[in-house]
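Heads up: the sequence shown at position 142 corresponds to 142 in UniProt numbering, and the numbers run straight through without jumps. Have a look at the structure below, then the notes.
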Amino acid sequence: MSSLSELIEKAKNLHSEGRSSSQIADEMSLSTETITWLLTQQKGEKAAPKDIVIDWSSISGHADMLHDASVMLLKRYIHATEDADADEEIFPDLIVGVAHSGIPIATMIAGEADSLFTMFHPKKHATGENPTGSLNSSFADVSGKKCLIVDDVITSGRTIAETIDSVRKHNGTAIGVCVLFDKLGLDEIDTVPVYSLVRVSRID
(Lines of atoms letter the chains of each structure in order from A and count residues from 1; the text may use other names and numbers.)
(Lines give C-alpha, C1' and ligand atoms only; values in the text may rest on other atoms or scores of the structure.)
Protein backbone atom coordinates (compact mmCIF):
# COMPACT_ATOMS: atom_id res chain seq x y z
CA MET A 1 0.00 0.00 0.00
CA SER A 2 1.62 3.23 -1.11
CA SER A 3 -0.84 5.71 -2.61
CA LEU A 4 -2.56 8.36 -0.52
CA SER A 5 -5.96 7.34 -1.86
CA GLU A 6 -5.40 3.77 -0.67
CA LEU A 7 -4.42 4.98 2.79
CA ILE A 8 -7.50 7.20 2.99
CA GLU A 9 -9.75 4.35 1.85
CA LYS A 10 -8.33 1.92 4.39
CA ALA A 11 -8.58 4.42 7.25
CA LYS A 12 -12.19 5.23 6.36
CA ASN A 13 -13.09 1.54 6.02
CA LEU A 14 -11.66 0.78 9.46
CA HIS A 15 -13.46 3.81 10.89
CA SER A 16 -16.76 2.62 9.39
CA GLU A 17 -16.26 -0.69 11.21
CA GLY A 18 -16.29 1.18 14.51
CA ARG A 19 -12.58 1.52 15.22
CA SER A 20 -11.34 4.64 16.97
CA SER A 21 -8.61 6.85 15.50
CA SER A 22 -6.07 5.43 17.96
CA GLN A 23 -7.00 1.84 17.05
CA ILE A 24 -6.70 2.64 13.36
CA ALA A 25 -3.33 4.29 14.02
CA ASP A 26 -2.18 1.11 15.75
CA GLU A 27 -3.31 -1.12 12.91
CA MET A 28 -1.84 1.06 10.17
CA SER A 29 1.36 1.93 12.11
CA LEU A 30 0.72 5.64 11.72
CA SER A 31 0.35 8.46 14.24
CA THR A 32 -3.12 9.41 15.46
CA GLU A 33 -2.52 12.85 13.94
CA THR A 34 -1.98 11.25 10.53
CA ILE A 35 -5.10 9.11 10.89
CA THR A 36 -7.19 12.14 11.87
CA TRP A 37 -5.88 13.91 8.77
CA LEU A 38 -6.67 10.91 6.54
CA LEU A 39 -10.22 10.73 7.90
CA THR A 40 -10.99 14.44 7.65
CA GLN A 41 -8.80 15.99 4.95
CA GLN A 42 -10.37 17.63 1.93
CA LYS A 43 -8.78 18.47 -1.38
CA GLY A 44 -6.68 21.62 -1.09
CA GLU A 45 -6.43 21.50 2.70
CA LYS A 46 -3.18 21.63 4.65
CA ALA A 47 -0.48 19.07 3.95
CA ALA A 48 -0.46 15.75 5.77
CA PRO A 49 1.55 15.43 9.00
CA LYS A 50 5.06 14.11 8.47
CA ASP A 51 4.82 10.37 8.87
CA ILE A 52 6.16 7.17 7.34
CA VAL A 53 3.99 4.28 6.17
CA ILE A 54 5.26 0.85 7.17
CA ASP A 55 3.38 -2.10 5.71
CA TRP A 56 4.85 -5.33 7.09
CA SER A 57 1.79 -7.51 6.39
CA SER A 58 3.87 -9.75 4.11
CA ILE A 59 5.59 -10.89 7.33
CA SER A 60 2.87 -10.52 9.96
CA GLY A 61 0.37 -12.60 7.98
CA HIS A 62 2.56 -15.71 8.03
CA ALA A 63 3.29 -17.38 11.36
CA ASP A 64 6.60 -18.84 10.24
CA MET A 65 7.90 -15.47 9.00
CA LEU A 66 6.57 -13.74 12.11
CA HIS A 67 8.47 -16.28 14.20
CA ASP A 68 11.65 -15.64 12.22
CA ALA A 69 11.27 -11.86 12.70
CA SER A 70 10.73 -12.40 16.44
CA VAL A 71 13.89 -14.51 16.71
CA MET A 72 15.84 -11.86 14.81
CA LEU A 73 14.57 -9.22 17.23
CA LEU A 74 15.65 -11.29 20.23
CA LYS A 75 19.08 -11.80 18.63
CA ARG A 76 19.29 -8.06 18.01
CA TYR A 77 18.82 -7.50 21.74
CA ILE A 78 21.30 -10.23 22.73
CA HIS A 79 24.02 -8.99 20.36
CA ALA A 80 23.53 -5.38 21.46
CA THR A 81 23.87 -6.24 25.14
CA GLU A 82 26.50 -9.00 25.07
CA ASP A 83 29.29 -6.49 25.73
CA ALA A 84 27.59 -5.17 28.85
CA ASP A 85 29.27 -5.41 32.24
CA ALA A 86 29.56 -9.09 33.17
CA ASP A 87 28.17 -8.31 36.61
CA GLU A 88 25.05 -6.81 35.10
CA GLU A 89 22.30 -9.32 34.30
CA ILE A 90 20.56 -8.11 31.19
CA PHE A 91 18.73 -11.26 30.09
CA PRO A 92 14.99 -10.74 30.64
CA ASP A 93 12.90 -12.63 33.18
CA LEU A 94 9.71 -11.48 31.51
CA ILE A 95 8.59 -10.25 28.09
CA VAL A 96 5.90 -7.55 27.93
CA GLY A 97 3.91 -7.49 24.69
CA VAL A 98 2.21 -4.17 23.87
CA ALA A 99 -1.31 -4.64 22.50
CA HIS A 100 -2.12 -5.36 19.85
CA SER A 101 0.63 -5.99 17.32
CA GLY A 102 3.38 -6.46 19.89
CA ILE A 103 1.65 -9.41 21.53
CA PRO A 104 2.38 -12.17 18.97
CA ILE A 105 6.00 -11.01 18.62
CA ALA A 106 6.44 -10.91 22.40
CA THR A 107 4.85 -14.34 22.81
CA MET A 108 7.31 -15.90 20.38
CA ILE A 109 10.27 -14.11 21.96
CA ALA A 110 9.21 -15.33 25.40
CA GLY A 111 9.15 -18.89 24.08
CA GLU A 112 12.59 -18.55 22.52
CA ALA A 113 14.07 -16.89 25.61
CA ASP A 114 12.33 -19.26 28.05
CA SER A 115 10.99 -16.17 29.80
CA LEU A 116 7.68 -15.35 31.42
CA PHE A 117 5.11 -13.37 29.44
CA THR A 118 2.53 -10.68 30.00
CA MET A 119 0.76 -8.07 27.94
CA PHE A 120 0.09 -4.36 28.31
CA HIS A 121 -3.09 -2.66 27.11
CA PRO A 122 -2.41 1.06 26.52
CA LYS A 123 -4.95 3.66 27.53
CA LYS A 124 -5.72 4.46 23.90
CA HIS A 125 -7.49 1.09 23.76
CA ALA A 126 -9.37 1.64 27.01
CA THR A 127 -12.91 2.97 27.35
CA GLY A 128 -14.71 5.09 29.91
CA GLU A 129 -14.34 8.66 31.14
CA ASN A 130 -10.85 8.14 32.57
CA PRO A 131 -9.14 5.57 30.36
CA THR A 132 -5.95 4.08 31.71
CA GLY A 133 -3.39 1.56 30.52
CA SER A 134 -3.09 -1.77 32.30
CA LEU A 135 -0.97 -4.87 32.59
CA ASN A 136 -3.06 -8.01 32.06
CA SER A 137 -3.39 -9.77 35.41
CA SER A 138 -4.17 -13.10 33.71
CA PHE A 139 -0.49 -13.41 32.81
CA ALA A 140 2.82 -13.15 34.68
CA ASP A 141 3.40 -10.50 37.35
CA VAL A 142 6.15 -7.99 36.53
CA SER A 143 7.03 -7.30 40.18
CA GLY A 144 10.70 -7.99 40.83
CA LYS A 145 11.29 -9.00 37.21
CA LYS A 146 13.68 -7.69 34.54
CA CYS A 147 11.25 -6.82 31.77
CA LEU A 148 11.84 -6.54 28.03
CA ILE A 149 9.09 -4.53 26.34
CA VAL A 150 8.15 -5.58 22.80
CA ASP A 151 6.10 -3.84 20.11
CA ASP A 152 6.04 -3.76 16.34
CA VAL A 153 6.56 -0.05 15.60
CA ILE A 154 7.55 3.08 17.51
CA THR A 155 5.56 5.92 15.98
CA SER A 156 5.37 8.63 18.65
CA GLY A 157 6.94 6.80 21.60
CA ARG A 158 4.01 7.64 23.88
CA THR A 159 2.72 4.07 24.18
CA ILE A 160 6.16 2.70 25.03
CA ALA A 161 6.65 5.44 27.64
CA GLU A 162 3.29 4.50 29.13
CA THR A 163 4.30 0.83 29.23
CA ILE A 164 7.60 1.62 30.95
CA ASP A 165 5.77 3.72 33.53
CA SER A 166 3.30 0.91 34.25
CA VAL A 167 6.08 -1.68 34.63
CA ARG A 168 7.87 0.60 37.11
CA LYS A 169 4.68 1.30 39.07
CA HIS A 170 4.22 -2.46 39.45
CA ASN A 171 7.78 -2.82 40.79
CA GLY A 172 9.27 -4.28 37.65
CA THR A 173 12.48 -3.13 35.94
CA ALA A 174 12.31 -2.20 32.27
CA ILE A 175 15.68 -3.27 30.84
CA GLY A 176 14.99 -2.67 27.17
CA VAL A 177 12.50 -1.95 24.41
CA CYS A 178 12.54 -4.13 21.29
CA VAL A 179 10.67 -3.11 18.15
CA LEU A 180 10.81 -4.20 14.54
CA PHE A 181 10.66 -0.61 13.26
CA ASP A 182 11.65 2.61 14.99
CA LYS A 183 10.22 5.57 13.09
CA LEU A 184 11.83 8.13 15.42
CA GLY A 185 15.40 6.80 15.46
CA LEU A 186 15.51 6.74 19.25
CA ASP A 187 18.35 5.45 21.42
CA GLU A 188 16.18 5.32 24.52
CA ILE A 189 12.79 6.17 26.00
CA ASP A 190 12.67 7.31 29.64
CA THR A 191 16.27 6.07 30.11
CA VAL A 192 15.38 2.59 28.77
CA PRO A 193 17.46 1.54 25.71
CA VAL A 194 15.65 0.95 22.43
CA TYR A 195 16.69 -1.92 20.13
CA SER A 196 15.14 -2.05 16.66
CA LEU A 197 15.65 -4.18 13.59
CA VAL A 198 15.04 -1.19 11.34
CA ARG A 199 15.60 2.45 12.26
CA VAL A 200 13.84 4.90 9.95
CA SER A 201 15.19 8.40 9.39
CA ARG A 202 13.67 11.26 7.43
CA ILE A 203 15.78 13.70 5.42
CA ASP A 204 13.74 16.81 4.70
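All C-beta atoms in this analysis are idealised placements derived from N, C-alpha and C, irrespective of residue type, glycine included.
Of all the options the options, which has the alpha carbon lying nearest to the alpha carbon of residue i?
i, options, result
"Ala113", "Ser20, Tyr77, Asp141", "Tyr77"
"Trp56", "Lys50, Thr36, Ser29, Leu38", "Ser29"
"Thr127", "Ser20, His15, Ser3", "Ser20"
"Thr36", "Ser60, Ile54, Glu9", "Glu9"
"Lys145", "Gly176, Thr191, Val153", "Gly176"
"Ser193", "Ser31, Glu27, Thr81", "It should be pointed out that residue 193 corresponds to Pro in this sequence rather than to Ser. The shortest Cα separation from Pro193 among Ser31, Glu27, Thr81 belongs to Thr81."
"Ser166", "Thr32, Val96, His79, Ile54", "Val96"
"Ile149", "Ser31, Pro104, Gly185, Pro49", "Pro104"
"Thr118", "Ser22, His125, Cys147", "Cys147"
Using the C-alpha atoms, what's the distance from residue j back to residue i?
i, j, result
"Thr34", "Glu17", "19 Å"
"Val102", "Ala47", "What sits at residue 102 in the sequence shown is Gly, not Val. Cα to Cα, the separation comes out at about 30 Å."
"Leu94", "Asn13", "37 Å"
"Leu197", "Ala11", "26 Å"
"Leu38", "Leu7", "7 Å"
"Asp51", "Asn130", "28 Å"
"Asp87", "Ile24", "For Asp87, the pLDDT reaches just 48, beneath the cut-off of 50, and the residue's location in the model is therefore unreliable, leaving the point undetermined."
"Asp64", "Ser58", "11 Å"
"Leu73", "Leu4", "30 Å"
"Gly172", "Asp141", "9 Å"
"Gly61", "Val53", "17 Å"
"Leu186", "Phe91", "21 Å"
"Gly157", "Ile189", "7 Å"
"Gln41", "Thr191", "37 Å"
"Val153", "Leu116", "22 Å"
"Leu184", "Asp151", "14 Å"
"Leu66", "Pro49", "30 Å"
"His79", "His15", "41 Å"
"Asp83", "Glu27", "35 Å"
"Lys75", "Arg199", "16 Å"
Residue i and residue j look like a contact to me (Cβ under 8 Å); what is the Cβ gap, rounded to whole Å?
i, j, result
"Ala161", "Arg168", "So it is not a contact: roughly 11 Å between Cβ atoms."
"Phe120", "Thr155", "At roughly 16 Å, the Cβ-Cβ gap does not stay under 8 Å, so Phe120 and Thr155 are not in contact."
"His100", "Ser143", "Actually they are not in contact, since the Cβ atoms of His100 and Ser143 sit about 24 Å apart, beyond 8 Å."
"Ser70", "Met108", "4 Å"
"Thr32", "Val98", "The pair is not a contact, with the Cβ atoms about 15 Å apart (cut-off 8 Å)."
"Lys201", "Lys124", "For the record, residue 201 in the displayed sequence is Ser; it is not Lys. Actually they are not in contact, since the Cβ atoms of Ser201 and Lys124 sit about 26 Å apart, beyond 8 Å."
Hey, would you say the C-beta of residue i is under 7 Å away from at least one heavy atom of the ligand ATP?
i, result
"His62", "Although the ligand ATP was asked about, the structure shown includes no ligands whatsoever."
Quick one: any contact between the segment 177-193 and the segment 125-143, if contact means 3 or more CB pairs under 8 Å?
no
Ranges of the alpha helix (DSSP H) found wholly within the segment 81-151, counting only runs of at least 4
102-113
Every unbroken alpha helix (DSSP H) within the segment 9-36, with a cutoff of 4 residues, ordered by chain
21-28
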